[in-house]
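Residue numbers (my numbering), protein chains in the order written: chain G, 11 to 351; chain B, -1 to 266.
The structure appears below as structure tokens.
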Amino acid sequence: MRRYLIKRAGISVMTMLGIVIVVFFIVRVLPGDAAAVRAGPYATAEKIAQIRAKYGLDRPLWEQFVDYLAGVARGDFGVSVRTDQPVLGELLSRLPASLELAVYSVLVATVIGVPFGIVAAARQGTWVDVVARVFAILGSSMALFWLGLLMIYFFFFRLGWFPGPVDRLAVGTPPPPTVTGFYTIDGALAGQWEVVAMAFRFLALPVLTLGFVLAAPILKMVRSSVIETLASDYVRTARAMGVSPRTVLFVDGFRNALLPVTTTIGIVFGYMLGGNIIVEYLFSWPGVGRYAYEAIQTNDLEALQGFVIMVGILYVALNVVIDLGYALIDPRIRLGRKVTA
Amino acid sequence: MTSLALMGLLPPGIELRAGSIRLEGRELTPDLAEGRTPREVTMIFQHPRGALNPTMRVGRQVARVLRINQGLGASEAKEVAVDLLSRVGIPGAERVARAYPHQLSGGMCQRVMIAMALGCRPKVLIADEPTTALDVTIQAQIFDLIRDLVAETSCGVVFITHDLAAVAEMCDRVVVLYGGQVMEQASTVDLFERPSHPYTRYLLESVEREVDPHIEEKDVDFGLPGCRFAHRCSEVFDRCVEFPPQFDVGDGHTSACFRHAEENSVAS
């Protein structure tokens, strides 16, 4: 197990190095000039050159790269051209907002997708199954921004059930003292229940938007894997031995379908780490996704590559966690040892 | 398929429509048609490892069956499960009970299956080619085990196999099936002494020597009326397009072939 973790850590470092290299050069290829944007529309050529020199943008590309790599190794992701702040600090201060959104969205998606998928598999071909499949098709073909707009239009503008897409809390409400960065948890820890309630109300619409869309792949995967396990020989055995249909469904069927389902939930969560730029923008959510969006708008190279590298690192970490989860789920998988069939 | 019907475990899309299944004079057909498995019947399968839940320790799988079929409590079921595992000839049953199916050999898995089946206290055990996936020495051990347990528990066994040697060794009575139709029925001794149906004779011949290649393997056409063996039968004639009834050839020995009608009419 320890050897496995060490090996895995080594591979992860290589992956991240690859990510840094690719990201660095792709970002340089983007059109536009960060220094010119920073200097403003009325700046003289001299002023732009001055800024370019300040951020090292005038040096040869590969020199910049070596510098950057050395910086990343020390935990220094450079300075944002737009805000003049260290990129790492800005990303870390915004990460909890994104993670809170991601965790609740995946939770909602799982709560919808898993039970619905199981029932659809158990009652294949009935109306429940049809509803589940229609839901899955809707979820996977619905554009996030469109669904988000519909949510805002109906539940905020028309019905007024939820607050508008402005931030994580109402204007003027101080956030709870930071422990985890999740307002819902920090608020509870500080005993500020009205803050917790408000945080949930502000989370509701973006979480429902994402949860609905993310539930679709989970539902589809649960349904198809459970159908597969229900057709297996061991399910036939269990039934031949008098085990009740309900137990067969959950203990023999769903339990053995967990592996592909976990993979899907992991992929969905990984997608959330980098992919909710649209929803964060739509709901003015102060997370890393919106930060990246703003960075793109202003040619803020350091900020953008900091974001991509951070997402890459989170993704690699997530994959290690998923692999560890496999070993818990399936006794046939033992990490670090050759699998014998 | 017939045995799955006996268990009420027919796959979706296939229904029990006609016929009758009785056990000790009790009609089981309606329950089976609705997919309820009868408590008195249980089944062991061809691929023992695939037939065990891969994510559950085998001891727990046996204990689960005991809890359901004998109403034992959790801790008691655990003990009885270990007992059962040693009764089916598993050495170190306590240790094996904590193993997962993939950690056991095929023969071991089949023993676990038999232990589970015993836990159901069946009156009829259906053994669907229980040894085809095992090698010959293990096969003999499993045969012995099944025979011993039958003697001990006085449960009946329906033994499904392609292996005539296994039939000769294990069975009292034989039903020869081809394409789902009953071809011949007799006591084992009688069947081997005077096989009456062309298919049975062909089967027995095929064990002794290389058979005539004109009878090559063909898929059974279930859509055709009449005897399903007709298109491969060397003695086929006009009447074979009809479905033959069972002809009594003496001593509770029946055979479904119009040849018998011909012979009788010639004799009389």
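Ideal placement from N, C-alpha and C gives every residue a C-beta, glycine not left out.
Cβ of residue i within 8 Å of any chain B Cβ
| i | result |
| --- | --- |
| LYS348 of chain G | With a pLDDT of only 47 at LYS348 of chain G, under 50, the local geometry of the prediction cannot be trusted, and the value read off the model is given with reservation. Closer than 8 Å: no. |
| PRO270 of chain G | no |
| GLY252 of chain G | yes |
| ASP243 of chain G | yes |
| ALA337 of chain G | no |
| ASP262 of chain G | yes |
| ASN362 of chain G | A question about residue 362 of chain G goes unanswered here, because the residues of chain G that appear run from 11 up to 351. |
| THR247 of chain G | yes |
| ARG342 of chain G | yes |
Neighbourhood of residue i by C-beta distance below 8 Å, restricted to the same chain and skipping five residues each side
| i | result |
| --- | --- |
| MET152 of chain G | PHE222 and VAL223 |
| ASP177 of chain G | PHE212, SER294, TRP295 and PRO296 |
| GLY87 of chain B | ARG109, GLN139 and LEU143 |
| GLY181 of chain B | The residue asked about is misnamed: residue 181 of chain B is Met in this sequence, not Gly. Once the five neighbours on either side are set aside, the close Cβ partners of MET181 of chain B are VAL174, LEU175, HIS195, TYR197, THR198, PHE227, SER253, ALA254 and CYS255. |
| HIS258 of chain B | SER194, PHE245 and VAL247 |
| ASP126 of chain B | SER1, MET41, ILE42, PHE43, GLN44 and ILE158 |
| LEU98 of chain G | GLY85, ASP86, PHE87 and GLY316 |
| ARG18 of chain G | VAL330 and ASP333 |
Neighbour flag for residue i against chain G, beta carbons, 8 Å
| i | result |
| --- | --- |
| CYS255 of chain B | no |
| HIS45 of chain B | yes |
| ARG37 of chain B | yes |
| ALA265 of chain B | Unreliable placement is indicated for ALA265 of chain B, whose pLDDT of 43 sits below 50; no coordinate value is reported for it. |
| GLY154 of chain B | no |
| GLY177 of chain B | no |
| ALA302 of chain B | Residue 302 of chain B cannot be examined here, being either before or after the span of chain B that is shown, -1 to 266. |
| PRO52 of chain B | yes |
| MET41 of chain B | yes |
| THR252 of chain B | no |
For residue j and residue i, believed in contact at Cβ under 8 Å, the rounded distance
| i | j | result |
| --- | --- | --- |
| ALA49 of chain B | TYR244 of chain G | 6 Å |
| PRO363 of chain G | LEU328 of chain G | Since the first residue of chain G shown is 11 and the last is 351, residue 363 of chain G is not available in this structure. |
| VAL155 of chain B | LEU123 of chain B | 5 Å |
| ILE275 of chain G | ILE228 of chain G | 6 Å |
| VAL118 of chain G | LEU218 of chain G | 7 Å |
| CYS107 of chain B | ARG47 of chain B | 5 Å |
| TYR185 of chain B | ASP170 of chain B | Tyr is not the amino acid found at residue 185 of chain B; the sequence shown has Ser there. Correct: roughly 7 Å between the Cβ atoms. |
| ASN309 of chain G | VAL47 of chain G | 5 Å |
Same chain, Cβ closer than 6 Å to residue i, neighbours up to 5 away in sequence not counted
| i | result |
| --- | --- |
| SER266 of chain B | The predicted model places SER266 of chain B with a pLDDT of 39, which falls under 50 and marks its position as unreliable; any figure quoted below should be read in that light. For SER266 of chain B, where only same-chain residues beyond five positions count, there are no Cβ hits under 6 Å. |
| LEU189 of chain B | VAL172 |
| GLY105 of chain B | LEU132 and ILE136 |
| HIS45 of chain B | ALA131 |
| ALA305 of chain G | ALA313 and LEU314 |
| THR247 of chain G | none |
| VAL124 of chain G | VAL232 |
Residues of its chain near residue i, where Cβ-Cβ distance is below 7 Å and the 5 sequence neighbours each way are ignored
| i | result |
| --- | --- |
| GLN315 of chain G | VAL33, PHE34 and VAL37 |
| GLU167 of chain B | PHE141 |
| PHE165 of chain G | TRP171, PHE172 and LEU215 |
| GLY224 of chain B | CYS238, VAL239, GLU240 and PHE241 |
| SER84 of chain B | ALA91 |
| LEU324 of chain G | LEU283 |
| LEU70 of chain B | LEU64 and VAL78 |
| VAL264 of chain B | Reliability fails at VAL264 of chain B, whose pLDDT of 47 lies under 50, so the model's placement of it is uncertain and the value that follows must be treated cautiously. Hits under 7 Å: none found. |
| GLN74 of chain G | GLY66 |
| ALA49 of chain G | LYS57, ILE58 and ILE61 |
Open item on the list: What are the residues in the segment 93 to 108 of chain B lying within 7 Å of chain G by C-beta distance?
Closed with: TYR98 and HIS100
Open item on the list: Measuring CB atoms only, is the segment 261 to 270 of chain G touching the segment 229 to 241 of chain G, in the sense that at least three cross pairs come out at less than 8 Å?
Closed with: yes
Task: Contact set between the segment 60 to 85 of chain B and chain G, restricted to residues whose Cβ is under 9 Å from the partner - done: ARG62, VAL63, ILE66 and ASN67
- [ ] Inspect the CB distances between the segment 68 to 88 of chain B and the segment 305 to 322 of chain G and report whether three or more fall short of 8 Å.
- [x] no
Open item on the list: Taking beta-carbon pairs under 8 Å, can you tell me which members of the segment 108 to 128 of chain B lie near chain G?
Closed with: Those would be MET111, MET114, ALA115, GLY117 and CYS118, in chain order.
TODO: Determine, using beta-carbon pairs with one atom in the segment 52 to 66 of chain B and one in the segment 252 to 264 of chain G, whether at least three such pairs fall under 8 Å.
DONE: yes
TODO: Mind the definition here: the segment 105 to 112 of chain G touches the segment 184 to 203 of chain G only if three or more C-beta pairs lie below 8 Å; say whether that holds.
DONE: yes
TODO: Report yes or no: do three or more beta-carbon pairs, one from the segment 198 to 211 of chain G and one from the segment 83 to 91 of chain G, lie closer than 8 Å?
DONE: no
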